[in-house]
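Trainee: I have a structure I would like to understand better, so I am pasting it below and will then ask my questions one at a time.
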Amino acid sequence: MNQSLEALMASMRRALRDEILPELQSEHARSQLAGVLDVLGKVERMVVWSPDVIREQLDLLEDCLSQAANLIAAAGHVAPEGLADAAPARRETQTALQTALAGAERRFALLTDWLFSPPTGFSAHLSDELHALQRTTLRNTLKAQRRLVSSADFSSMTAPGQSPGAKGDSE
């Protein structure tokens with residue numbers, strides 16, 4: 136098969152919609168197929184790679200790590216080893232973006248671990264500020280990821296004028 140996953144999903148959805156749906160007599164079967172078509176449409180949109188969300192997550196994490204390093208330095212402390220990125224992340228390909236994101240996530244985890252046992256003399260105010268920065272970053276990265284998941288459209292699964300016997304119709 137020399138067909139992309141996106142094209143395969145689109146052709147399955149098109150065949151079900153154009154060939155199978157018109158042949159169904161039962162309103163229940165039609166509404167069930169409408170649900171399947173809705174799910175396939177969502178999956179089809181998800182298989183198309185878009186670098187925007189990965190870039191957004193990477194930017195959020197890098198910004199957080201930079202702010203954290205600045206706050207730590209301004210307070211006269213030394214940031215944990217490995218917090219700063221050794222080299223700017225390449226962002227030209229999907230693999231490069233995913234590698235850069237994994238590195239930023241690793242460094243974010245390093246900061247989190249470090250905050251559980253900060254150096255002596257670390258102020259509670261600075262700790263609270265860094266934790267708040269991390270919470271905001273996590274919230275914003277989750278918001279970015281959430282946009283990848285389409286909301287369920289249950290209205291497509293229920294026909295507007297379903298008859299009382301539609302549940303198990305065998306027309």
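Per our numbering, numbering of the sequence shown is gapless, rising by one per residue and ending at 306. Where is the CB? At the ideal position from N, CA and C, for every residue including glycine.
1) Would Thr228 be called buried (16 or more neighbouring beta carbons within 10 Å of its own) or exposed?
2) Thr276 lies in the alpha helix (DSSP H); which residues open and close that run?
3) Within 10 Å of its beta-carbon, does Phe251 have 16 or more other beta-carbons around it, so buried, or fewer, so exposed?
4) Any contact of the segment 203–214 with the segment 160–174, i.e. 3+ C-beta pairs under 8 Å?
5) Is Ala239 closer than 7 Å to Leu196 when the C-beta atoms are compared?
6) Using the three-state DSSP reduction, which class does His163 fall into: helix, strand or coil?
7) Answer with yes or no whether the minimum CB distance from Thr271 to chain C is below 7 Å.
8) With a cut-off of 8 Å on the beta carbons, I'd call Phe257 and Cys199 a contact; round off their distance for me.
9) Please go through the segment 217–256 and give each complete beta strand (DSSP E) segment of 3 or more residues, from N-terminal end onward.
10) Where does Gly211 sit, in a helix, a strand or coil, going by DSSP?
11) Could you give the distance in angstroms between the alpha-carbon of Arg148 and the alpha-carbon of Asp248?
12) Distance check for Gln160 and Asp304, CA to CA, integer angstroms please.
13) Which same chain residues, not among the five before or five after Val178, have their C-beta less than 7 Å away from its C-beta?
Mentor: Once the coordinates are examined:
1) exposed
2) Ala259 to Arg281
3) exposed
4) In this structure the segment 203–214 does not lie against the segment 160–174, because fewer than three pairs of beta carbons, one per stretch, are closer than 8 Å.
5) yes
6) helix
7) Of the protein chains in this structure there is only one, and it is not chain C.
8) Going by Cβ atoms, the distance from Phe257 to Cys199 rounds to 18 Å, so no, they are not a contact pair.
9) none
10) coil
11) Straight-line Cα distance between these residues: approximately 46 Å.
12) Note on Asp304: pLDDT 44, under 50, position unreliable in the model; no value is reported.
13) Closer than 7 Å at Cβ, skipping near neighbours: Met144.
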